Every structure is written in C-alpha cells, then in structure tokens.
Amino acid sequence: MTKIIKTVSEWQQLKRSDKIKNKKIGFVPTMGALHEGHLSLIRRSNVENGISVVSIFVNPTQFNDPSDLEKYPRTFESDVKLLRDLNVDYLFYPDYSEIYADHFKYKIIESDLSQILCGKFRPGHFEGVLTVVMKLLNIIRPDKAYFGEKDYQQYLLIDEMCKAFFLNVAIILCPIVREADGLALSSRNMLLSSNEKILAQRFPQLLKSEKSCEIIKNELEKLSFKVDYIEEIGNRRFGAVHIGKVRLIDNVEI
Ligand code: PAF
C-alpha cells in the first residue's frame, strides 16, 4: 500500500524509524500525469532499492509561461492507482507552502549549460528545476534518484549540481520510452488532439534521420511545427518544437 506523505516533518520522522532506517532509498521525482516513462524509472528503483519514494509536485517555478502551468495535466487519482499497482512504498505529495516557505527567495543558478537549448527558450526554467530538485533531494535524502533521458539537459544539470554541492546521491539516467510510432512519452502528449498526435510522429522520425539540423528544421516548419531548436551537441541531436499549444522535446544519439 502506497502511503501518502504531505509534509517534510512526517517524512523526516518516518525516515528515522526502524521501518526505513537501514534500507536503501530510491527516489523518482515527478510532476504527476504518470506514464510508462515514469513507470520504467519506478520499476528500476524498486529493483535497486529497499524502499521507493515517488514525489508528485507540479513545480510552478519551472514554468516560464503561466498558461503552460495552468494547463499542465493533473491526474492525481489515476497516478495513485498506478503507484499502488507498482507497490511504491511512499508518495511524497507536498503543497506549495511546504516546498516554498521561502517564496523562492533562495535559488540554484547554473550559468553555462542552463543557458542553451531549452534554457534559451524558457528563461528561468532550469533555476526552477534545479531549486526544486535540490529541495526534494535534501528532504528525501535518497541513495539513488532516477531521471529520464528525454530530459537529457535536465539530467546533466542535476547530475552536475549534485557533484558541485557534494550531495551524497547517485543520479541514474534511464532510457527514453517511446510509443510504437516513435513519439517519446511525455505528460504533455495528453494535451495533443488526435490529429496533432499523428503529426507529432514526424518529430522523432526527422530527428533521428540522416538529414542536417537545418533541413530537419525546414521540413518540420513546412509541416506546421514551430521549431525552437534542432541542434547537435557532442554525439547527441536535441530538438524542441511546438505543435499548436503543446511543446515537445526529444533527443537522439547520433
Ligand atoms: O522532469 C520533471 O518532471 C521535473 O522537471 C522534475 C525533475 C520532477 C522537477 O520538477
């Protein structure tokens, strides 16, 4: 039975109890609207740890656009059911005041990688992500924390932050889970209409093609995508596009 914990003090008390004290803790932070991608992280945590904790917190400070925050999918009841089906031990489900008693006066700012790719198009986004992840890791104090490869830039920033601040946690990267048509799973996919969903398949198809970034960008624009970027860094090609009001990101090894 998944126990729902809403406050920091409740978790801290539990963590000291005999039930948890000597067990390895795996942590999967999420913003809810859980899909198979999240479930793959949770399954891995279950295998590798004695206790798995999942958090659901739609973090307002990482949304640079208020309407994006407003329409972000919230499916709490079905999320809890999925967590119970996977035998997750604890769901940490705090409210805003529990996490941001400081009203976001204290922030984690990274000045390099956070300024490119998504950071360039979503000002302040990674400040919000890094700050909330730092808070969550300090609360839960897991041995391992699991992140998806779809948000590869986010993963790199979190991994570097943990090293920079000597956090005693292993950051584990888990592979992207895709639909049969190639679309990377994302909570935002729920916001696509059926026609948009069909169009969305073209994004991963083109991203992994042999074509140049410039050609991929042009072809996506012809198909009516609004393209934030298609860029190659190291051995990876990254892309971010909008279909209607929905923003999608993806990346592939090249
Ligand atoms: O990837 C996400 O869902 C979020 O950015 C995270 C890591 C849970 C922080 O809010």
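For the numbering used here, add 9 to where a residue sits in the sequence shown, where the first one is 1. Just so it is clear, CB atoms sit at the ideal spot from N, CA and C, and this is done for glycine as well. Every value quoted in this text rests on a predicted model; they were computed, and no experiment measured them.
- In terms of side-chain proximity, the C-beta atom of Val178 is found no nearer than 7 Å to any non-hydrogen atom of the ligand PAF.
- Counting C-beta atoms within 10 angstroms of its own C-beta, Gly128 has 16 or more neighbours from the protein chains shown and is therefore classed as buried.
- Exclusion of the five residues before and after Leu208 leaves Leu232, Ser233, Phe234, Ile252 as the residues of its chain whose Cβ lies within less than 8 Å of its Cβ.
- Under the three-pair Cβ rule at 8 Å, the segment 97-105 counts as touching the segment 44-63.
- When the five nearest sequence neighbours on each side are left out, the beta carbons in the same chain lying within less than 6 Å of the beta carbon of Lys159 are those of Ile185, Ala193, in order along the chain.
- In this structure, Ile108 sits near Val141, with a CB-CB distance shorter than 8 Å.
- In this structure, Pro213 lies away from Gly243, with their beta-carbon atoms at least 8 Å apart.
- Secondary structure within the segment 16-72: the alpha helix (DSSP H) runs of 4 or more consecutive residues, fully enclosed, are 17-25, 45-57 (chain order).
- For Val37, the closest of Ile149, Ser18, Gln71, Ile29 by C-alpha to C-alpha distance is Ile149.
- Here DSSP, grouped into helix, strand and coil, assigns Glu107 to helix.
- Going by beta carbons, Lys206 and Val178 fall outside the 8 Å limit.
- Straight through space, the alpha carbons of Lys172 and Thr39 are spaced by roughly 21 Å.
- Counting only unbroken stretches of 3 or more residues, the beta strand (DSSP E) elements lying wholly within the segment 161-205 are 179-183, in sequence order.
- In the assembly as shown, Asp259 is a buried residue. Its beta-carbon has 16 or more other beta-carbons within 10 Å.
- Taking a 10 Å sphere around the C-beta of Tyr155, we find 16 or more other C-beta atoms and assign the residue as buried.
- Contact fails between the segment 160-168 and the segment 218-231, because fewer than three Cβ pairs, one in each stretch, are under 8 Å apart.
- Per DSSP, reduced to three states, the secondary structure at Val255 is strand.
- Placement of the Cβ of Asp160 at a distance of less than 7 Å from at least one heavy atom of the ligand PAF is found.
- Residue nearest to Cys183 within the set Ile29, Val17, Glu45 is Glu45 (criterion: CA-CA distance).
- Short of 8 Å from the beta carbon of Leu78, and not among the five residues preceding or following it, lie these beta carbons of its own chain, in chain order: Val67, Pro69, Phe72.
- A Cβ-Cβ contact shorter than 8 Å links Ile263 with Glu241.
- Glu136 counts as buried, since no fewer than 16 other beta carbons sit within 10 angstroms of its beta carbon.
- With a cut-off of 7 Å, the C-beta of Asn147 is classified as distant from the ligand PAF, since no heavy atom of the ligand falls inside that distance.
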